[in-house]
Amino acid sequence: MRRGNVYQIANGYMGYRGTLDEFTSEQLVGITLAGIFDRVGPAWREPVNAPNGGFTSVSLGGAELSALGNKVTRHRQTLRFGNALFERQTSFAFKGTTLTVRSARFLSAETPNLGVIRFSITCSRAATVTVRTGIDGNIWDLNGPHLLGLAATRRDSVLFVEGRTNESSKRVAVAETADIDFGKVTYESRGNRSLRVVHLRAEAGTTYTFHKYFAVFTDNDAVRGSVAEAAIETVLQARSLGYEDCLARHGARWQEKWNRSDVTIEGDDEAQLALRYSILQLLMVAPVKGSANSIPARALSGQVYKGAIFWDTEMFMFPFFIHTYPEKAVELMRYRIKTLDGARRKAKTEGRGYRGAFYAWESQETGDDACTYYNIGDPSTGRALRTYFRDKQVHISGDVAIAMWDYFRLTGDDSLLLEGGAEVILECARFYYSYAYYKDEKRRYEILDVIGPDEYHERVNNNAFTSMVAKETFTIAIATVNHLRRRHPKELRTLLKKLRIEGELPAFRDAARRLFIPGADAKTGIIEQFDGYLGLRESSVKELKARMIHPDEYLGAGQGLAVPTKIIKQADVVMMLNLFRTRFSAEIKRANWEYYEPRTEHGSSLSACAYAMVAAEFGNLDFAYKYFLKTAKIDLEAKYKVYVGSVFMGGSHPAANGGAWMTAVLGFGGVHADEKRVAINPRLCRKWRRLQFHLAYKGDDFRMNITKNSVTVASSRANTRVHAVLVAGKPVKCSPGRPVTVRYRQAR
Ligand code: BGC
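For the sequence shown, the tail end lands on 747 under numbering that gives the first Met the number 0, and the numbers increase by one without skipping.
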């Protein structure tokens, strides 16, 4: 089950868990599709899993072999980072014969609907072997079945399965073909399984190889004819190209991806492996060009968390893409533009009714909130607990606005603002203005009754993180208007008219000035997480865990053990210090890190990287390193809960993957880019002798090479202009094709 996550592959269109060829729904085979959701009865809406076009099983002497059920003398499985290729090799010992299965599979980076597999078998002795290969429609679902009327058919050598989703009757079609030049082929169609059966008298020592191509299309794909025809055509084309050609084209795309996003670390193989794995995960799940899809909290590793998009994307994954792959960052933002109407609907209907855009806490394809009011079950009583994630975790809108603005700031490209980005930003500001409370006696705005990132303390007032994000949204809204006024006055006029918002701009300006943010205590430097936090009971994570009645007990909601205490689920103030890292001194960062860290459960995979980043900022590189490894290894080591109660929680953690990249490049590499320039202030941790990475900035590419005492900035030959880069406080001019090296002394 865990291996299924560790070895998963994906190409933005779909994810394929790293399960073996012969596995079926029972072993949690999942081909999870991006951007298509369905609901069955009252259960959660979740992404749709496609029928498994990758299925192949082998029988020896009439018995079907499975790596889980038979004697296996050797098994090896590999995930190649270079091109996201999954390989397995298994030797089965059965009645005196050793049969070895080898397979390699990839989801094409060139043709997103396509999966390609090479499969071979070798027997130690002559034997009667049957290979069944085709499409297995018996698929794993958490809350399915999602595909109605699944019917299997065949057209010549192409197998085909199609069904329609329950809720919106969208077609999902899978076609599969294979080139098999051995044995005798018959066809078998049972229920929703469509298989090709190869009867073979295998000779001793001969390897029998075939290639298999499957394609998934849904009504979400813009195809000319039917999705069925598109799927069939895609596999036929792939087959005529052949495995090697398909792989070479796929590999070339992957080369491009790594050329832009790789990070190398000298002196620390463990960190290197974990970081590359994290980057691989992000590259695999980045949305397909033109899809306007985003990345769910469990990416494409299954249906966990409803396949929903959270703040995880903007705050933890977006930084990786904006700094290395802006073409992917733009899709993430287009997704928020696409779902703006959903956010407007939510604002109107939530609580007392708000204005503007209140983005979904758990967002699917329309932007309506998939988060339920009773989102967590109490494992002891079976009761659903009221949580306020959906209605009170209002920082989500500001997280979106900040990323939208960053896209413009760091690329210099304002087309996204014109495409709808400016509208998103203004509507988010409008939402906060309608949510804020003006406290007359203090002549300030306050953001009350919210949940910050720490979900164990609900409905709190003046949460520092949330208020800071809201305030920033007002500032960004004004900056957006100012920019458009200068550069695109006509478009601005149209937008202001469309939104009828011009009259509200002075209020946004006022709120940008007078929204209250809890400040640091003059003596201790501590920023109170929310009003009254410092008066809560002291406790420890250990104490709370000892008091738990059930191992999966939830510590928050109404009666949770953490609620009356200072124990927090995840980085909150520290997350704020991370997000607004240039606005706080090292002393404030240190004071708050030291105060909050012992009180943090790190109950979310989002927590460790914030602590890692902030520790790097104030110079405790050992702490930073410890949390960096925790973040970077989360999916490789798969040390997380797989089930909470009866709910499957396993899957990948792309936010932590993004956090690992952020810690390496922004934390240890000390990169800080804003609209004016890139600054680098390296703080390499002890083991790292050299750190090299790429950076995309304002349409140009840079390669950074950092050692303990030098920084080389290589501005790519193809760059268009001279950039001023601030290296360890020293301004340098970087011309295309002329690397500049600056010596520095690492700050203590
Ligand atoms: C965290 C949230 C996060 C969500 C999805 C929760 O456990 O508290 O901050 O957005 O998981 O990763």
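The beta-carbon is built from N, C-alpha and C at its ideal position, and this holds for glycine as well.
- A check of alpha carbon separations from residue 611 across 627, 603, 602, 597 identifies 627 as the nearest.
- The three-state reading of DSSP puts residue 535 in coil, since its state is none of H, G, I, E or B.
- The C-alpha of residue 176 is placed about 6 Å away from the C-alpha of residue 211.
- Counted as a single uninterrupted DSSP element, the stretch harbouring residue 525 is not any alpha helix (DSSP H), since DSSP gives it neither H nor E.
- In the three-state scheme derived from DSSP, where H, G and I count as helix and E and B as strand, residue 608 is classed as helix.
- For residue 691, the secondary structure class from DSSP, reduced to helix, strand or coil, is strand.
- With respect to the 9 Å criterion, residue 711 and residue 662 are not classified as neighbours on the basis of their beta carbons.
- Put simply, the region 106 to 117 touches the region 233 to 250. At least three CB pairs are less than 8 Å apart.
- Along the length of the region 144 to 175, whole beta strand (DSSP E) runs at least 3 residues long occupy 146 to 154, 157 to 164, reported in chain order.
- When 149, 220, 76, 713 are compared, the shortest CA-CA separation from residue 737 is found for 713.
- Taking all protein chains in view, the Cβ of residue 171 is crowded by 16 or more other Cβ atoms within 10 Å, so the residue is classified as buried.
- In the three-state reduction of the DSSP assignment, residue 362 falls in the strand class.
- In chain order, 113, 157, 174, 175, 176, 212, 213, 214 place their CB closer than 8 Å to the CB of residue 234, counting only its own chain and leaving out the 5 sequence neighbours on each side.
- Taking C-beta atoms as the reference points, residue 33 and residue 315 fail to come closer than 9 Å.
- Counting only unbroken stretches of 4 or more residues, the alpha helix (DSSP H) elements lying wholly within the region 550 to 604 are 572 to 578, 585 to 595, in sequence order.
- When rounded, the separation of the alpha-carbon atoms in residue 134 and residue 45 is 22 Å.
- Assigned with DSSP and collapsed to three states, residue 109 falls in coil, not helix or strand.
- If you compare the alpha carbons of 259, 607, 421 with that of residue 406, the shortest gap goes to 421.
- Under the 8 Å Cβ criterion, the region 119 to 136 counts as touching the region 56 to 68, having at least three qualifying pairs.
- With a minimum length of 3 residues, there is no unbroken run of beta strand (DSSP E) contained wholly in the region 335 to 385.
- When only Cα atoms are considered, residue 665 and residue 671 end up about 7 Å apart.
- Summarising the contact set, residues whose Cβ lies nearer than 7 Å to any heavy atom of the ligand BGC are, in chain order, 296, 304, 309, 310, 311, 452, 454, 568, 569, 602, 603, 604, 605, 654.
- With contacts defined as CB atoms closer than 9 Å, residue 602 and residue 298 fail to qualify as a contacting pair.
- If you draw a straight line from the Cα of residue 519 to the Cα of residue 581, it comes to about 15 Å.
- Sequence-distant partners of residue 366 (beyond 5 residues in either direction) whose C-beta falls short of 6 Å from its own C-beta, in its chain, are 338, 341, 342, 359.
- If you draw a straight line from the Cα of residue 586 to the Cα of residue 745, it is about 18 Å long.
- Listed in chain order, the alpha helix (DSSP H) elements of length 4 or more contained wholly in the region 446 to 487 are 463 to 486.
- Of the other Cβ atoms in all chains shown, 16 or more fall within 10 Å of the Cβ of residue 12; this residue is therefore buried.
- DSSP, reduced to helix, strand and coil, places residue 323 within a helical segment of the structure shown.
- Apart from the 5 residues on each side of it in sequence, residue 716 sits with its Cβ closer than 7 Å to the Cβ of 735, 736 in its chain, given in chain order.
- Of the candidates 189, 431, 378, the residue whose Cα lies closest to the Cα of residue 136 is 189.
- Excluding the 5 residues flanking it on each side, residue 658 has same chain C-beta neighbours closer than 6 Å at 315, 608, 630, in chain order.
- When the Cα atoms are used, residue 310 and residue 395 turn out to be separated by approximately 6 Å.
- Beta-bridge annotation (DSSP): residue 87 is paired with 76, 102.
- Burial is judged here by how many other beta carbons sit within 10 angstroms of a residue's own beta carbon; residue 372 has fewer than 16 and is exposed.
- Residue environment for residue 386: buried (at least 16 other C-beta atoms within 10 angstroms of its C-beta).
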